[in-house]
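FYI, the numbering used here numbers position 230 of the sequence shown as 246, with every residue one higher than the one before it.
We treat Cβ as the ideally placed atom computed from N, Cα and C, and that holds for glycine.
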Amino acid sequence: MISGRLLRELQEVDLQLDDLARELARLEAALHEPEELQALQTQIRHLEEERSRLQRQQRDLELDMQGVVETRTNLERRLYGGYITNPREVEAAEQKAEELRRRESTLEDRILELMVTLEDLEGTLQELHSRLDGARARWEEQRAQLLAQQAHLKEERQRLHAQRSRLVGQLPPDLLLLYERLRQRKGGVAVARLEQRVCQVCGVEVAVSVERQVRYGEEVVLCPTCGRILV
17 MISGRLLREL
27 QEVDLQLDDL
37 ARELARLEAA
47 LHEPEELQAL
57 QTQIRHLEEE
67 RSRLQRQQRD
77 LELDMQGVVE
87 TRTNLERRLY
97 GGYITNPREV
107 EAAEQKAEEL
117 RRRESTLEDR
127 ILELMVTLED
137 LEGTLQELHS
147 RLDGARARWE
157 EQRAQLLAQQ
167 AHLKEERQRL
177 HAQRSRLVGQ
187 LPPDLLLLYE
197 RLRQRKGGVA
207 VARLEQRVCQ
217 VCGVEVAVSV
227 ERQVRYGEEV
237 VLCPTCGRIL
247 V
């Protein structure tokens with residue numbers, strides 16, 4: 017009967033739409049930024065924060081050292097310029113100058129250590145940025161391919177929806193309602209072909225009378241075993 021042919025075509029369209037929905041969902045998930053990119057960006061961000069912290073520390077030490085150098089220079093100018101003549105004051109000034117020189121040396125060592133650390137950090141960041149650029153280029157190429165696939169599938173989905181609308185418009189409302197209900201209950205497969213008295217979904221052979229009803233009757237016949245519409 018005509019409705020049987022329409023139901024078969026409708027189910028074929030719906031199954032294709034189901035496949036498209038799954039494939040589009042897979043593509044949507046694949047279009048999320050890869051974990052490799054996220055991990056590299058996170059690593060770079062943390063190292064850049066560490067670099068900023070070390071640079072601030074270096075600036076603070078350099079300011080400290082500048083103050084120590086200025087204090088020592090002024091003290092030595094007074095000491096060796098003859099401004100301090102009292103022996104005790106001279107001795108105290110010399111001790112203070114020596115302390116400042118030691119402090120200056122300590123600060124210089126710490127600054128040099130920071131400079132070495134920062135240099136190593138810059139090298140690591142350059143390497144990570146290079147890896148990130150490569151990963152991003154690969155991702156952009158892959159993303160372009162995924163977007164092209166997605167656009168093609170969306171066009172196909174639009175075509176199938178139009179085809180489905182034409183088929184639905186030719187089916188009796190009560191038959192369409194039964195079809196939709198069975199699709200929900202039967203895993204998306206509401207219609208079963210009957211070939212040589214065998215339901216092609218559940219594989220069970222039906223009675224001759226059932227076969228005749230399907231071939232020549234006007235009523236909808238359900239498979240006695242799986243409950244799908246036989247056509």
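Member of the options whose CA lies at the smallest distance from the CA of residue i
i: L70; options: D30, E138 and E49; result: E138
i: R199; options: D34, E92 and L123; result: D34
i: L26; options: S181, L128 and V224; result: S181
i: R67; options: E135, E114, E51 and C239; result: E135
i: K202; options: L169, R152 and I245; result: I245
i: E235; options: P188, L163 and A223; result: P188
i: R42; options: L116, L193, Q166 and R213; result: Q166
i: L116; options: E52, V85, I100 and S146; result: V85
i: I60; options: L193, Q158 and E143; result: E143
i: L128; options: A45, L210 and Q73; result: Q73
Residue environment, residue i, which counts as buried when at least 16 other CB atoms sit within 10 Å
i: D149; result: exposed
i: D125; result: exposed
i: L23; result: buried
i: D30; result: buried
i: A208; result: buried
i: L163; result: exposed
Distance between residue j and residue i (C-alpha atoms, nearest Å)
i: D241; j: V220; result: The sequence given here places Thr at residue 241; Asp does not occur at that position. Looking at the two C-alpha atoms, the distance is approximately 7 Å.
i: E107; j: E78; result: 28 Å
i: H62; j: A109; result: 46 Å
i: V224; j: A206; result: 22 Å
i: G97; j: T133; result: 41 Å
i: E156; j: Y232; result: 59 Å
i: P50; j: L56; result: 10 Å
i: T122; j: E105; result: 25 Å
i: Q82; j: R75; result: 10 Å
i: T87; j: N102; result: 20 Å
i: Y195; j: L169; result: 25 Å
i: E92; j: E65; result: 40 Å
i: V247; j: A178; result: 24 Å
i: A160; j: A153; result: 11 Å
Backbone secondary structure at residue i - three-state DSSP
i: E234; result: coil
i: E49; result: coil
i: L187; result: coil
i: V106; result: helix
i: I127; result: helix
i: A208; result: strand
i: I60; result: helix
i: V214; result: strand
For the region 35-46 against the region 170-181, are there 3 or more C-beta pairs whose distance is under 8 Å? As far as the Cβ criterion goes, the region 35-46 touches the region 170-181, which means the pair count is three or higher.
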